[in-house]
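Residue numbers (this note's numbering): 73 to 336. Here is the structure we will look at.
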């Protein structure tokens with residue numbers, strides 16, 4: 073999809089994003105940037121978090137492989153990827169690239185629907201998505217009571233045989249200790265198999281304990297999700313969970329300035 077002249081400069085009023093191009097950096101997640109996975113242009117391509125590929129704040133000086141981390145608001149108010157020009161949509165909680173589709177009835181439906189409207193609050197760092205329809209396309213009105221936040225998810229490193237051996241030792245010691253001091257504290261409760269029956273984003277948002285915020289996976293990528301919360305759930309979030317919903321929008325320039333033009 074070609075970017076029409078003026079698209080990168082249009083539609084900046086009301087949504088909180090700067091005019092022109094910008095990058096979106098997670099306040100947590102080691103400063104990773106929003107990134108179109110594998111630089112794809114395909115419909116439904118996932119948007120992830122990935123370490124920054126270029127420090128230049130000048131669009132024309134950024135390496136071609138770094139353009140999949142650049143975004144803009146087009147004249148229709150859609151959040152778009154600079155490399156392809158395609159808009160961003162929400163599919164099953166995932167942020168994805170979306171080719172523009174014709175209206176098909178009954179409208180809206182999972183294939184054909186209005187694009188979500190993304191808004192950024194520079195005072196709080198929160199980035200939200202607004203819908204004119206149930207984003208899960210169910211016969212429910214519960215979504216109307218929710219605010220949908222773009223959320224960075226932590227990811228724990230995969231468990232190893234050594235981890236399993238450690239758990240076995242803990243279990244072996246826990247039995248005798250319970251006879252001496254009543255019911256022993258369950259040191260492995262946060263890692264029970266029940267947690268793996270939930271979607272990754274559901275596990276994180278349950279805030280089961282400190283282990284849910286561990287982010288030590290050596291893989292370079294991290295997932296992002298658009299997660300809806302009611303007002304009550306909103307007030308129950310931990311400080312760490314709120315931090316994962318905060319973003320920094322960094323404008324890019326088309327011409328050089330006196331400053332270094334480098335991302336710090």
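Cβ atoms here follow ideal geometry from the backbone N, Cα and C, with glycine treated the same way.
Where does residue 174 sit, in a helix, a strand or coil, going by DSSP? Locating residue 174 in the chain shown gives position 102, counting from the first residue. Residue 174 falls in the coil class under three-state DSSP.
Got a sec, what are the start and stop residues for the alpha helix (DSSP H) residue 303 sits in? Here the question's residue 303 lines up with position 231 in the chain shown. From DSSP, the alpha helix (DSSP H) with residue 303 extends over 303 to 308.
Which partner residues of residue 94 appear in the DSSP bridge assignment? Here the question's residue 94 lines up with position 22 in the chain shown. DSSP lists 143 and 323 as partners of residue 94.
Mind checking residue 307: buried by the 16 CB within 10 Å criterion, or exposed? As a working note, residue 307 is residue 235 in the chain shown. Residue 307 comes out exposed.
Taking the continuous alpha helix (DSSP H) assigned at residue 315, which residues delimit it? Taking the first residue of the chain shown as position 1, residue 315 is located at position 243. The continuous alpha helix (DSSP H) containing residue 315 extends over residues 311 to 315.
Are residue 114 and residue 151 closer than 8 angstroms when you measure CB to CB? For the purposes of this step, residue 114 is taken as residue 42 along the chain shown, with counting starting at 1. For the purposes of this step, residue 151 is taken as residue 79 along the chain shown, with counting starting at 1. Against a cut-off of 8 angstroms, the Cβ pair of residue 151 and residue 114 comes out as no contact.
Whole angstroms are fine: how far does the CA of residue 178 sit from the CA of residue 223? Residue numbering aside, residue 223 sits at position 151 when the chain shown is read from its first letter. Residue numbering aside, residue 178 sits at position 106 when the chain shown is read from its first letter. Approximately 31 angstroms, taken between the alpha carbons.
Would residue 192 be called buried (16 or more neighbouring beta carbons within 10 Å of its own) or exposed? Stepping through the chain shown from its first residue, residue 192 is reached at position 120. Classification for residue 192: buried.
What separation, rounded to the nearest whole angstrom, lies between the Cα atoms of residue 116 and residue 155? In the chain shown, the residue the question calls residue 116 occupies position 44. In the chain shown, the residue the question calls residue 155 occupies position 83. Residue 116 and residue 155 have their C-alpha atoms spaced approximately 15 angstroms apart.
Tell whether a beta-carbon distance below 8 angstroms holds between residue 229 and residue 290. Within the chain shown, the letter at position 157 stands for residue 229. Within the chain shown, the letter at position 218 stands for residue 290. Yes. Within cutoff.
Do you know offhand how far residue 226's Cα is from residue 130's? For this step, residue 226 is matched to residue 154 along the chain shown. For this step, residue 130 is matched to residue 58 along the chain shown. So the two alpha carbons sit approximately 30 angstroms from each other.
Candidates 299, 210, 312 and 322: which alpha carbon is nearest residue 219's? Working through the chain shown from its first residue, we reach residue 219 at position 147. The residue with the shortest Cα to Cα distance from residue 219 is 299.
What's the call for residue 132, buried or exposed, on a 16-neighbour Cβ count within 10 Å? Stepping through the chain shown from its first residue, residue 132 is reached at position 60. Residue 132 should be labelled exposed.
With H, G and I counted as helix, E and B as strand and the rest as coil, what does DSSP make of residue 284? The sequence position of residue 284 within the chain shown is 212, counting from 1. Reduced to three states, the DSSP call for residue 284 is helix.
Within the continuous beta strand (DSSP E) that includes residue 193, where are the two ends? Translated into the one-based positions of the chain shown, residue 193 becomes position 121. Here the beta strand (DSSP E) through residue 193 covers 189 to 193.
Under the rule that 16 or more other beta-carbon atoms within 10 Å means buried, what is residue 209, buried or exposed? Here residue 209 refers to the residue found at position 137 when the chain shown is read from its first residue. With fewer than 16 Cβ atoms within 10 Å of its Cβ, residue 209 is classed as exposed.
Cα separation between residue 205 and residue 285? For the purposes of this step, residue 205 is taken as the residue at position 133 of the chain shown. For the purposes of this step, residue 285 is taken as the residue at position 213 of the chain shown. Cα to Cα, the separation comes out at about 31 angstroms.
Look up residue 206 in the DSSP assignment and say whether it is helix, strand or coil. Locating residue 206 in the chain shown gives position 134, where the first residue counts as 1. Coil at residue 206, not helix or strand.
Coil, strand or helix - residue 117 by DSSP: The sequence position of residue 117 within the chain shown is 45, counting from 1. In the three-state reduction of the DSSP assignment, residue 117 falls in the coil class, being assigned neither a helical nor a strand state.
So, using beta-carbon positions, are residue 109 and residue 120 closer together than 8 angstroms? Here residue 109 refers to the residue found at position 37 when the chain shown is read from its first residue. Here residue 120 refers to the residue found at position 48 when the chain shown is read from its first residue. Yes, the Cβ-Cβ distance between residue 109 and residue 120 is below 8 angstroms.
Under 8 angstroms, do residue 96 and residue 319 count as touching if we go by C-beta distance? By one-based count along the chain shown, residue 96 stands at place 24. By one-based count along the chain shown, residue 319 stands at place 247. Cβ distance < 8 angstroms, so residue 96 and residue 319 count as in contact.
Where does the unbroken beta strand (DSSP E) through residue 223 begin, and where does it stop? Stepping through the chain shown from its first residue, residue 223 is reached at position 151. Its beta strand (DSSP E) spans residues 219 to 224.
Restricting to Cα atoms, I'd like to know which of 288, 323 and 325 is closest to residue 101. One-based indexing of the chain shown puts residue 101 at position 29. Of the candidates 288, 323 and 325, the one whose C-alpha sits nearest the C-alpha of residue 101 is 288.
In the DSSP assignment, the beta strand (DSSP E) including residue 163 goes from what residue to what residue? Numbered from 1 along the chain shown, position 91 holds the residue referred to as residue 163. Taken as a continuous stretch (DSSP letters only), the beta strand (DSSP E) holding residue 163 covers 159 to 163.
Please work out which residues of its chain come closer than 8 angstroms, Cβ to Cβ, to residue 174, disregarding the five sequence neighbours upstream and downstream, and give them in chain order. Your numbering for residue 174 matches position 102 in the chain shown. If we look at residue 174 and ignore the five residues flanking it on each side, its Cβ neighbours are 184.
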